[in-house]
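**Student:** Mind looking over this structure? Questions follow.
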Amino acid sequence: MKLDGKHMRTIWVGEDGWSVEIIDQTKLPHVFETTPLRSVDDAARAIRDMLVRGAPLIGGTAAYGICLALRGDPSDENLEAASRQLNATRPTAVNLKWALDEMTHAVRNLPREDRVAAAYARAAEICDDDAECCRMIGVHGLEIMKEHGKRKMDEPVNVLTHCNAGSLATIDWGTATSPVYHAHEAGVPVHVWVDETRPRNQGAALTAYELGHHGVPHTIIADNAGGHLMQRGQVDLCIVGTDRTAANGDVANKIGTYLKALAAHDNDVPFYVALPHSTIDWSLDDGFEIPIEERGAEEVTQMTGRLADGAVVTVDIAAPGSPAGNPAFDVTPARLVSGLITERGICRASAEGLLELYPERAGDEA
Ligand code: MRU
7 MKLDGKHMRT
17 IWVGEDGWSV
27 EIIDQTKLPH
37 VFETTPLRSV
47 DDAARAIRDM
57 LVRGAPLIGG
67 TAAYGICLAL
77 RGDPSDENLE
87 AASRQLNATR
97 PTAVNLKWAL
107 DEMTHAVRNL
117 PREDRVAAAY
127 ARAAEICDDD
137 AECCRMIGVH
147 GLEIMKEHGK
157 RKMDEPVNVL
167 THCNAGSLAT
177 IDWGTATSPV
187 YHAHEAGVPV
197 HVWVDETRPR
207 NQGAALTAYE
217 LGHHGVPHTI
227 IADNAGGHLM
237 QRGQVDLCIV
247 GTDRTAANGD
257 VANKIGTYLK
267 ALAAHDNDVP
277 FYVALPHSTI
287 DWSLDDGFEI
297 PIEERGAEEV
307 TQMTGRLADG
317 AVVTVDIAAP
327 GSPAGNPAFD
337 VTPARLVSGL
347 ITERGICRAS
357 AEGLLELYPE
367 RAGDEA
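In our numbering, the protein residues as written are 7 to 372.
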């Protein structure tokens, strides 16, 4: 990720060699602040309260949460307790459980005195792997961008994205944004329609922020504007991320993704979903088994923003006491997905398509 011209990741080990630094994303785009995690409680709170968010970054933070837990007590009991605590923070992104399983596997057969070092090594690998997967998603996605670029002559390729499946949601590069960044760097003119993504506004607050730092032309739109732009031919393709992809290619992503996929289908706009291997849940036959997080009503009835004097405040936007519901994700059926962009290449959103890219998983499906 580029911030003020400098390259940085979203999570790293601090200068003391053991604490873990993150960017507090609840403060963006108004204030850039990093904060240290010094315990498993800190890591769990960072995920639950969304200081970090986005499926791959949730996984990376959970991995380091295990490191922090084992520093205090490397016993089997503490490993299990920390894993349970972290796994209970957010239900939809499968990267969380994937990373916790990887960590458990890396340390459980080691003597206690070797566990902390092994845990930090595995957490670093998990983060490096995610950064590399996301880079490769961009390399493969660039081909799609180039195809559209040829058709557009010198006009920019207009990409619509939802939520933040950007660098801030991963360790680096992002999933949906990686093809965009690669296209921008390769000189393919690109412009991004950024869905604001109510209720938490990850599009307006985070995606626009990071695209701006990369110098990628973009426009924030109200969530309801996408269908209209597609009808007018102003969207060439959609690229979104996913929090969990079932073995049949159904994808769960931020609430509202499904409506964008429907509008794209109706208007013959290609709808791609970008993901690393760690987001595939081979144990689920289809997306309707994916647990959907229900978040607090206050996220719907309130909004946070910055006043002219610089103060960041939260205000009510509904009458006091108005009830509100807040499902945080929805499921887009595979039939509405034009293709899955992964670190191994692009495949159809189907069991067969996924198994062509990941043949070693044959038999792991439910
Ligand atoms: O609730 P969030 O902000 O964690 O939701 C994030 C998303 O829905 C992203 O699109 C998804 O995690 C893909 S991340 C590359």
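No residue lacks a Cβ here, since even glycine has one placed at the ideal position from N, Cα and C.
Considering only the beta carbon of each residue, do V200 and G209 sit closer than 7 angstroms?
**Tutor:** Taking the first residue of the sequence shown as 1, we reach residue 200 at position 194. Taking the first residue of the sequence shown as 1, we reach residue 209 at position 203. Yes, the Cβ-Cβ distance between V200 and G209 is below 7 angstroms.
**Student:** Could you spell out where the alpha helix (DSSP H) holding P62 opens and where it closes?
**Tutor:** For the purposes of this step, residue 62 is taken as residue 56 along the sequence shown, with counting starting at 1. Boundaries of the alpha helix (DSSP H) around P62: A61 to G78.
**Student:** Mind checking R15: buried by the 16 CB within 10 Å criterion, or exposed?
**Tutor:** For the purposes of this step, residue 15 is taken as residue 9 along the sequence shown, with counting starting at 1. So R15 counts as buried.
**Student:** Is Q31 near the ligand MRU, going by C-beta to nearest heavy atom under 6 angstroms?
**Tutor:** Along the sequence shown, read from residue 1 onward, the residue named residue 31 stands at position 25. For the ligand MRU, not one heavy atom lies less than 6 angstroms from the Cβ of Q31.
**Student:** Is it buried or exposed, A189, if we count other Cβ atoms within 10 angstroms and call 16 or more buried?
**Tutor:** The residue given as residue 189 occupies position 183 in the sequence shown. Its Cβ being crowded by 16 or more others within 10 Å, A189 is buried.
**Student:** Thinking just about the alpha-carbon of each residue, which of T176, S81, I261 and H234 is nearest to the one in V306?
**Tutor:** On the sequence shown, position 300 is the one that residue 306 refers to. Comparing Cα positions, the closest option is I261.
**Student:** Could you spell out the range, first to last residue, of the beta strand (DSSP E) harbouring C244?
**Tutor:** Indexing the sequence shown from 1 puts residue 244 at position 238. Run containing C244: L243 to V246, per the beta strand (DSSP E) assignment.
**Student:** How many Å lie between A112 and R128 at the Cα?
**Tutor:** Mapped onto the sequence shown, residue 112 falls at position 106. Mapped onto the sequence shown, residue 128 falls at position 122. The straight-line gap from Cα to Cα measures roughly 7 angstroms.
**Student:** Taking C-alpha atoms, which residue in D48, K152 and L166 lies nearest to A214?
**Tutor:** Position 208 of the sequence shown, counted from the start, is the residue given in the question as residue 214. Nearest option by C-alpha distance: L166.
**Student:** Tell me which residue opens and which closes the alpha helix (DSSP H) that A280 is part of.
**Tutor:** Here residue 280 is taken as the residue at index 274 of the sequence shown, counted from 1. Note, A280: premise wrong, no alpha helix (DSSP H); beta strand (DSSP E) at F277 to A280.
**Student:** Let me confirm a value: V198 is counted as buried when at least 16 other C-beta atoms fall within 10 Å, else exposed. Which label applies?
**Tutor:** For the purposes of this step, residue 198 is identified with residue 192 of the sequence shown, where counting begins at 1. Buried, because 16 or more other Cβ atoms sit within 10 Å of the Cβ of V198.
**Student:** Can you check DSSP and say which residues form a bridge with I29?
**Tutor:** Within the sequence shown, residue 29 is the residue found at index 23, counting from 1. I29 is bridged to T40.
**Student:** Cβ of T225 versus every heavy atom of the ligand MRU: is any distance shorter than 6 angstroms?
**Tutor:** Position 219 of the sequence shown, counted from the first residue, corresponds to residue 225. Result no, Cβ not under 6 angstroms from the ligand MRU.
**Student:** Using DSSP's beta-bridge definition, name the partner residues of V318.
**Tutor:** As a first step, residue 318 is located in the sequence shown; it is residue number 312 there, counting from the start. V318 pairs with R312.
**Student:** Using a threshold of 6 angstroms, is the CB atom of T348 nearer than that to any non-hydrogen atom of the ligand MRU?
**Tutor:** Locating residue 348 in the sequence shown gives position 342, counting from the first residue. No.
**Student:** Between T248 and T203, which are expected to be in contact by the criterion C-beta below 8 angstroms, what is the C-beta distance as a whole number of angstroms?
**Tutor:** Position 242 of the sequence shown holds residue 248. Position 197 of the sequence shown holds residue 203. That pair is no contact at about 15 angstroms.
**Student:** Checking 7 angstroms against the spacing of the C-beta atoms, do V100 and R250 come in under that value?
**Tutor:** The residue you call residue 100 lines up with position 94 of the sequence shown. The residue you call residue 250 lines up with position 244 of the sequence shown. Contact flag set, yes.
**Student:** The ligand MRU and T181: does the residue's C-beta get closer than 6 angstroms to at least one heavy atom of that ligand?
**Tutor:** Numbered from 1 along the sequence shown, position 175 holds the residue referred to as residue 181. Yes.
**Student:** With three or more C-beta pairs closer than 8 angstroms as the rule, is the segment 216 to 230 touching the segment 144 to 159?
**Tutor:** no
**Student:** Evaluate D274 with the Cβ neighbour count: other Cβ atoms within 10 Å of its Cβ, from every protein chain shown; 16 or more gives buried, anything less gives exposed.
**Tutor:** If you number the sequence shown from 1, residue 274 lands on position 268. Exposed is the call here.
**Student:** Would you kindly check if the distance between the Cβ of G20 and the Cβ of A49 is under 7 angstroms?
**Tutor:** As a working mapping, residue 49 is identified with position 43 in the sequence shown. As a working mapping, residue 20 is identified with position 14 in the sequence shown. Taking 7 angstroms as the Cβ cut-off, A49 and G20 do not qualify as a contacting pair.
**Student:** Beta carbon of C169: closer than 6 angstroms to some heavy atom of the ligand MRU?
**Tutor:** Position 163 of the sequence shown, counted from the first residue, corresponds to residue 169. Yes - the ligand MRU has a heavy atom lying nearer than 6 angstroms to the Cβ of C169.
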